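Q: Structure below; questions to follow.
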Amino acid sequence: MSGAWPPPPGEQPQQGAATPPTPTQFATPPAWPQQLPPAHKPGAVPLRPLGLGDMLDGAFRLVRFNPGATVGASVLVAAVAMAIPLVVTGTMTFTGDSLKTFGSALEDPDYQPGGAEVVGIVAAVGSLLVGMILQGFGTILVAGMISHVAHAAAIGKKLTLTQAWAATHGNRWRLIGLAVLFAGVALLALGVAVALIVLVAVVQDSPLRAILAGVLLGLLLFVAAVFVSVRFYLLAVPSLMLERTGVIGAVRRAWQLSKGQFWRLLGIALLASIIAGFASQIIGFPISIIASVVSVAVPDLYFLATITGNALATVVAAAIATPFTGAVTNLQYLDQRIRKESYEVELMEQAGLLSR
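Per the working numbering, residue 1 is the first one in the sequence shown, and the count goes up by one each step.
What follows is the structure in C-alpha cells.
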C-alpha cells in the first residue's frame, strides 16, 4: 500500500494483517481556538439594541466605571453652588443678630420682623435662589459632560474629569441656549395659561369657572410639557454634544430619533427618575431630620441649620440623580441610533473591534 512503511528486509507482511500507521497519523492534533471576549461589548453596555435591564444595569456600570467624571462633576457643581448660601447665611448668623432672633421670634405670634431681620431673611433666601440657579446651569453642563463619558464608556474608554470638560468645548453656550430655549417656551406657555384664566374670571365673573379653566389648562400644559420633553428635549442634549450640531439641529435630531418611540422613552426616563429620586430621598432624609432637630434645639441657628440641610440634601441628590439619569438618557440615545441607524458598527470601529 502506498504511503505505508516498507517491511524490514527479509520480511513480508502477512496476508490480512493491519496496515501500519502512517507518520501523519502521529502528527500533533490541531489546537482548539481560544475563547475570545464578546466582540459586541467592549465597554459598559453591549453594542446592540438595549432593553430596560441593559439600560439600568449599564447606567450603574457607567457610573462605577467612571465615578470621577460623573459623580465627581455633579458633586463639584452642587458644592460650589451651595457654598454661596452657606457663606452668606453663616456670615449673617455669626456677625450680627439679624438671623439669630428669627428662630426664637417664630414662637411669638405677634412677632413683626424689623429692618435688620428682613434684610437677613432676604439675603439668606436670595443667596439660596442664586445658588440653585447656578447649580441649574452647572447641571446642564454636567449633562453635556456625561454624554461624552457615556459614549467613551460604551467603547471601553475612560475619560478623566478634565477630558470630559474639554470635550464640551465649543458646545457649552449652545447647550445652555438649548435649555434656555425650552425654559422660555415653558414660561411663555405658563404665561398664556395664566392670562386665559384671568380672562375667564373677568369675563364670566365666576370663580368656579375660572377654577375649572385653570384645572383644564393645567392638565393640557402638563400633557404638552411631557410630550415636548420626550420628543424634542430628551435626546437633544446627547445629539448636540456628540453630533456637533446646532440648537435647532439638535431639536430636529431629537424629533427624528424619538419618532415611534414616545412611550418607550417616557417609561424608561420616568422609571430612572423614580429610582434616582427614591435613592436621594433615602440618603437625604437623615440630613433633613438632623437639620430640623438643630433648628428647634438651637433657635439662634434656625436659618443656618435650614440652609445647611437644604444644601447638603442638594449635594446628595446631585451625586445620585444627575449621573444616573444622565447615563440612562445617553444610553437611550445610543439605543435609538443603534435601532435606526446601525450605529453599533461605527461604535465597534471606534473600539477597534472592526477595521474601518
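The C-beta atom is built at its ideal place from N, Cα and C for all residues, glycine as well. The structure displayed is predicted, hence computed values, not measured ones.
Spatial neighbours of A213 within its chain, please: C-beta separation below 6 Å, excluding the five flanking residues on both sides.
A: I197, V200.
Q: Taking 6 Å as the limit between beta carbons, can you name the residues of its chain near G277, skipping five residues before and five after?
A: Closer than 6 Å at the Cβ level, and outside the excluded window around G277, lies no residue.
Q: Quick one: complete alpha helix (DSSP H) runs, 4+ long, within the segment 239 to 270?
A: Fully enclosed alpha helix (DSSP H) runs of 4 or longer: 247 to 257.
Q: In whole angstroms, what is the alpha-carbon distance linking V63 and I211?
A: Between V63 and I211, the C-alpha separation is close to 46 Å.
Q: Just how far apart, CA to CA, sit V119 and M92?
A: One C-alpha to the other measures close to 10 Å.
Q: Going by other Cβ atoms of all chains shown within 10 Å of its Cβ, with 16 needed for buried, is S355 buried or exposed?
A: The residue is exposed, with fewer than 16 neighbouring Cβ atoms inside 10 Å.
Q: Quick one: what's got a C-beta closer than 8 Å to Q35's C-beta in the same chain, skipping five residues either side?
A: Unreliable positioning characterises Q35 in this predicted model, as indicated by a pLDDT of 43, which lies under 50. A coordinate reading is not provided.
Q: Identify every run of the alpha helix (DSSP H) within the segment 46 to 92, keeping only runs that are complete inside it and at least 4 residues long; order them along the chain.
A: You should have 52 to 65.
Q: In chain order, which continuous runs of the alpha helix (DSSP H) of length 4 or greater are located wholly inside the segment 171 to 220?
A: Segments of the alpha helix (DSSP H) lying fully in the segment 171 to 220: 172 to 204.
Q: Whose CA, out of R48, A272, A69, L134, lies closest to the CA of L234?
A: The shortest C-alpha separation from L234 is found at A272.
Q: Spell out a yes or no on whether the segment 292 to 300 and the segment 310 to 329 are touching, meaning 3 or more CB-CB pairs, one atom from each, closer than 8 Å.
A: No, they do not touch.
Q: To which residues of the same chain is A183 closer than 8 Å at the C-beta, ignoring the five residues directly before and after it?
A: Closer than 8 Å at the Cβ level, and outside the excluded window around A183, lies no residue.
Q: Take the Cβ of A206 as the centre, count every other Cβ of all protein chains shown within 10 Å, and call the residue buried at 16 or more, exposed below.
A: Note on identity: in this sequence residue 206 is Ser, with Ala being the wrong assignment. Exposed, by the Cβ-count rule.
Q: Which residue wins for smallest C-alpha separation from Q135, given the options G170, T70, S74?
A: Measuring from the Cα of Q135, the nearest candidate turns out to be S74.
Q: Tell me the rounded alpha-carbon separation between M82 and S288.
A: About 16 Å.
Q: Tell me which same chain residues have a C-beta within less than 8 Å of the C-beta of L266, skipping the five on either side of it?
A: Here the set comprises V226, V230.
Q: Check the C-beta distance from R174 over to L141 and give it rounded, since I have them as a contact under 8 Å.
A: The pair is not a contact, with the Cβ atoms about 11 Å apart (cut-off 8 Å).
Q: Can you list, in chain order, the residues of its chain whose CB lies under 7 Å from that of L161, leaving out five sequence neighbours each side?
A: Cβ neighbours of L161 beyond the five flanking positions: G68, A69, G72, A73.
Q: Consult DSSP for K41 and reduce its assignment to one of helix, strand or coil.
A: Coil at K41, not helix or strand.
Q: Under the criterion of a Cβ to heavy atom distance below 6 Å, does G184 qualify as lining the ligand ADP?
A: Although the ligand ADP was asked about, the structure shown includes no ligands whatsoever.
Q: Let me know if R344 comes out buried or exposed under the rule of 16 or more other beta-carbons within 10 Å of its beta-carbon.
A: Reading the sequence as shown, one finds Glu at residue 344 and not Arg. Looking at its Cβ environment, which holds 16 or more other Cβ atoms inside 10 Å, E344 is buried.
Q: Compare the Cα-Cα distances from A193 to each of V185, T139, L217, N310 and report the closest residue.
A: Of the listed residues, the one whose Cα sits closest to A193 is L217.
Q: State the Cα-Cα distance for the pair A291 and W255, rounded to the nearest angstrom.
A: The straight-line gap from Cα to Cα measures roughly 44 Å.
Q: What span of residues does the alpha helix (DSSP H) with D335 cover, start to end?
A: Residues 302 to 341.
Q: What is the C-beta distance between S258 and A317, in whole angstroms, given that I count them as a contact (C-beta under 8 Å)?
A: Not quite, the Cβ-Cβ distance comes to about 27 Å (not below 8 Å), so this is no contact.
Q: Are the CB atoms of A153 and F65 nearer to each other than 7 Å?
A: Yes.
Q: So, are the CB atoms of V251 and F232 less than 7 Å apart?
A: Yes, the pair counts as a contact, with Cβ atoms nearer than the cut-off.
Q: May I ask which residues mark the beginning and end of the alpha helix (DSSP H) holding A161?
A: First, the amino acid is wrong: residue 161 is Leu here, not Ala. Here the alpha helix (DSSP H) through L161 covers 161 to 167.
Q: Look at I307 and P85 and say whether their C-beta atoms are less than 7 Å apart.
A: Yes; because the gap between Cβ atoms is below 7 Å, this pair is in contact.
Q: Among the residues of its own chain, which have a CB less than 6 Å from the CB of A164, if the five just before and after it don't count?
A: A69, M145, H148, V149, listed in sequence order.
Q: Is the Cβ-Cβ distance between T139 and F303 less than 7 Å?
A: Result no, Cβ atoms of T139 and F303 do not sit closer than 7 Å.
Q: What's the call for P238, buried or exposed, on a 16-neighbour Cβ count within 10 Å?
A: When all chains shown are included, P238 counts as buried.
Q: Taking C-beta to C-beta, are I155 and A351 nearer than 7 Å?
A: Yes; because the gap between Cβ atoms is below 7 Å, this pair is in contact.
Q: Hey, how far is the Cα of A195 from the Cα of L128?
A: Spanning the two alpha carbons is a distance of roughly 30 Å.
Q: Taking the CB atoms as reference points, tell me whether A319 and G284 lie closer together than 7 Å.
A: For A319 and G284, no; Cβs fall outside 7 Å.
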